[in-house]
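Have a look at the structure below, then the notes.
Protein chains: 2
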Amino acid sequence: MVDDEPQILRALRVILASAGYEAVTAQTGEEALDQAAVRPPAAAIIDLVLPGIDGVEVSRALREWSDMPIIVLSAVGDEDAKVRALATGADDYVTKPFGPRELVARLEAALRRASPEPPEALIQADGLEIDLGARAVHRDGSEIHLTPIEFDLLRLLARNRGRLMTHRALLTEVWGPSYAEDTQVLRVHIANLRRKIEPDEGPRLIRTEPGVGYRFAA
Amino acid sequence: MVDDEPQILRALRVILASAGYEAVTAQTGEEALDQAAVRPPAAAIIDLVLPGIDGVEVSRALREWSDMPIIVLSAVGDEDAKVRALATGADDYVTKPFGPRELVARLEAALRRASPEPPEALIQADGLEIDLGARAVHRDGSEIHLTPIEFDLLRLLARNRGRLMTHRALLTEVWGPSYAEDTQVLRVHIANLRRKIEPDEGPRLIRTEPGVGYRFAA
DNA sequence: CGCCGACATCAAGATTCCGTGAAGATGCTT
DNA sequence: AAGCATCTTCACGGAATCTTGATGTCGGCG
Numbered sequence: 099m100v101d102d103e104p105q106i107l108r109a110l111r112v113i114l115a116s117a118g119y120e121a122v123t124a125q126t127g128e129e130a131l132d133q134a135a136v137r138p139p140a141a142a143i144i145d146l147v148l149p150g151i152d153g154v155e156v157s158r159a160l161r162e163w164s165d166m167p168i169i170v171l172s173a174v175g176d177e178d179a180k181v182r183a184l185a186t187g188a189d190d191y192v193t194k195p196f197g198p199r200e201l202v203a204r205l206e207a208a209l210r211r212a213s214p215e216p217p218e219a220l221i222q223a224d225g226l227e228i229d230l231g232a233r234a235v236h237r238d239g240s241e242i243h244l245t246p247i248e249f250d251l252l253r254l255l256a257r258n259r260g261r262l263m264t265h266r267a268l269l270t271e272v273w274g275p276s277y278a279e280d281t282q283v284l285r286v287h288i289a290n291l292r293r294k295i296e297p298d299e300g301p302r303l304i305r306t307e308p309g310v311g312y313r314f315a316a
Numbered sequence: 099m100v101d102d103e104p105q106i107l108r109a110l111r112v113i114l115a116s117a118g119y120e121a122v123t124a125q126t127g128e129e130a131l132d133q134a135a136v137r138p139p140a141a142a143i144i145d146l147v148l149p150g151i152d153g154v155e156v157s158r159a160l161r162e163w164s165d166m167p168i169i170v171l172s173a174v175g176d177e178d179a180k181v182r183a184l185a186t187g188a189d190d191y192v193t194k195p196f197g198p199r200e201l202v203a204r205l206e207a208a209l210r211r212a213s214p215e216p217p218e219a220l221i222q223a224d225g226l227e228i229d230l231g232a233r234a235v236h237r238d239g240s241e242i243h244l245t246p247i248e249f250d251l252l253r254l255l256a257r258n259r260g261r262l263m264t265h266r267a268l269l270t271e272v273w274g275p276s277y278a279e280d281t282q283v284l285r286v287h288i289a290n291l292r293r294k295i296e297p298d299e300g301p302r303l304i305r306t307e308p309g310v311g312y313r314f315a316a
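Those protein sequences? They're chains A and B, same order as listed.
Each number in the working numbering corresponds to the 1-based position in the first sequence with 98 added.
Each number in the working numbering corresponds to the 1-based position in the second sequence with 98 added.
Here it is, written out as structure tokens:
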């Protein structure tokens, strides 16, 4: 949120906090751009009139590198100002005074549009495809059925490709901290997983590091 | 564009035509939904007060199967009405009177946000046809009657073809967050749905992933 | 060469989870 | 008030999954 009047910022902060959002504030455009660069927010609410660079310029600068929803606030209902802000890249233009619930509703409508669903990764290795989003694994086009534990294990190993995962790390991640010492159960599930995903010939995808843990081929 | 006053429709048509858009008009919500189903427009501008079903209901019905940008027009600046419309799925809410250039600017801001490829309104899989707009399901030309919950379940699964939907995701989407743990009721409805839509032979359309959720065949 | 630790594999239980029929419960229509 | 459609809850057999114990294998080392 960017506004040169601390009073407005306080009010906005209360409104957003009660709707479950965390607010980061700035009083000038420069300050806002600096903060957004350091820690990009999910959305921006920008007052039109600011000392130094104005709200439209801030919007334009944000749009250079970000798709975040931008809502411009203003006391002026001038049509030219609205058109200019919206054409520049703002998603909405709200004139003061506004109701707090309306602002939240407009913010949420903009957020809904901006991020339908973050794309999930697709990991590939030696003919094996791991679709994290669909929770599915394929080899040569045909699906391989994995049980929940097997998939969790594979996902953990594949996300840390090339890195060595200790017995303890695998056990605490998949089974929980209370299983940290139970290497027996880990061995069984690794064996089951290997039977399903390993290629018939060639080097193994899951390598054993005796005494330490397992590693997914790089 | 949907409005019960022909005068407004004419004005809107001029505004949009001068901005380079082709406008299709309707005077009631039912008419609008019919036209949208036949030839889906790129966006919708809907008056809030309509004879019969109102603008918010039209928005909700469109959202059942479409992601098109929706702008709600209204003479009432009531905050409740705005919040309700925006929460239902509208992208913007413009109060009359409005400037023509502002409307076009808001429309273009909404279009800019819209996804390049619209989601399919008719899903087909193995002889099964799911018409999201009409909330109807057919197999081999004959209609299959589904209860509201069954249709919502099927729609959610079919929209995420191939992706695994967890119990929690299905329950929170269809029943609401408070039902997130009630897997029992989910099992019963999945069974009922399967009885109605599954082919007599061959692999199942809805596949069970024990301990995790369900998946609609890819 | 034999022992030992660590691992892989196999084969039962043990446990959890799922499918299904049927019996209330609810709400709407006639 | 009765009928109807729908949703929810319960009970139980069966299936899928997980765990556990036993056995076999391999390499290092005294």
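Heads up, the beta-carbon is just placed ideally off N, CA and C, and yes, glycines get one too.
Under a 10 Å Cβ-count criterion, ASP145/A is classified as buried, with 16 or more other Cβ atoms of the shown protein chains found around its own Cβ. In this structure, LEU254/A sits near VAL272/A, with a CB-CB distance shorter than 9 Å. In the DSSP assignment, PHE249/B falls outside any beta strand (DSSP E) and within the unbroken alpha helix (DSSP H) covering 246-257.
The three-state reading of DSSP puts GLN125/A in coil, since its state is none of H, G, I, E or B. For LEU220/A, the enclosing beta strand (DSSP E) stretches over residues 220-223. Residues of chain A with a Cβ closer than 7 Å to the Cβ of LEU303/B do not exist, since the nearest Cβ in that chain sits about 15 Å away.
LEU226/A and ARG237/A have their C-alpha atoms some 5 Å from each other. Taking 9 Å as the threshold, the shortest C-beta distance from LYS294/A to chain B does not fall below it. Within the same chain, ALA141, PRO167, ILE169, ASP189 and ASP190 come within 7 Å of ALA208/B by CB-CB distance, once the 5 residues on both sides are set aside. Within a 10 Å sphere around the beta-carbon of TRP163/B sit 16 or more other beta-carbons, which makes this residue buried.
Identification of chain A residues near ALA185/B by a Cβ-Cβ cut-off of 9 Å yields ALA203, GLU206 and ALA207, ordered along the chain. Chain B places a beta carbon closer than 9 Å to that of ARG211/A, counting this residue as a contact. Pairing GLU128/B with ALA109/A, the inter-Cα distance amounts to about 42 Å. DSSP links MET166/B through a beta bridge to no other residue.
Only exposed fits LYS194/A, as fewer than 16 other CB atoms lie within 10 angstroms of its CB. Annotation: the continuous alpha helix (DSSP H) that includes ARG293/B extends over 281-295. For the C-beta of VAL181/A, the chain B residues within less than 7 Å are, from N- to C-terminus, ARG199, GLU200 and ALA203. Spanning the alpha carbons of ALA130/B and ALA124/B requires a straight line of approximately 5 Å. With a minimum length of 3 residues, the unbroken runs of beta strand (DSSP E) contained wholly in the region 168-231 of chain B fall at 168-172, 190-193, 220-223 and 226-229.
When DSSP states are grouped into helix, strand and coil, ASP238/A belongs to the coil group. Taking all protein chains in view, the Cβ of ALA179/A is crowded by 16 or more other Cβ atoms within 10 Å, so the residue is classified as buried. Counting along the chain, the unbroken beta strand (DSSP E) around ALA142/B starts and ends at 142-145. In this structure, ARG182/B is the residue among PRO308/B, TYR277/B and ARG182/B with its C-alpha nearest to the C-alpha of VAL202/A. For GLU307/B, a Cβ of chain A is located within less than 9 Å of the residue's own Cβ. Each residue's CA atom was taken as its position, placing ARG137/A and PRO214/B some 29 Å apart. Partner residues in the beta bridge of GLY311/A, as assigned by DSSP, are THR264/A and GLU307/A.
Judged by pairs of C-beta atoms under 8 Å, the region 297-305 of chain A does not touch the region 103-120 of chain B, as fewer than three such pairs exist. Residue nearest to LEU114/B within the set GLN133/B, GLU103/B and ILE143/B is ILE143/B (criterion: CA-CA distance).
At a cut-off of 9 Å between beta-carbon atoms, THR245/A makes contact with chain B. Residue-level contact by beta carbon holds for TYR191/A and chain B, with a gap shorter than 9 Å. Here ALA289/B is exposed, its C-beta having fewer than 16 other C-beta atoms within 10 Å. ARG293/A counts as exposed, since fewer than 16 other C-beta atoms from the protein chains shown sit within 10 angstroms of its C-beta. Against chain B, a Cβ distance below 9 Å from PRO214/A picks out ASP165 and SER213.
Taking the beta carbon of GLU177/B as reference, the chain A residues within 7 Å of it are GLY197, ARG199 and GLU200, listed in sequence order.
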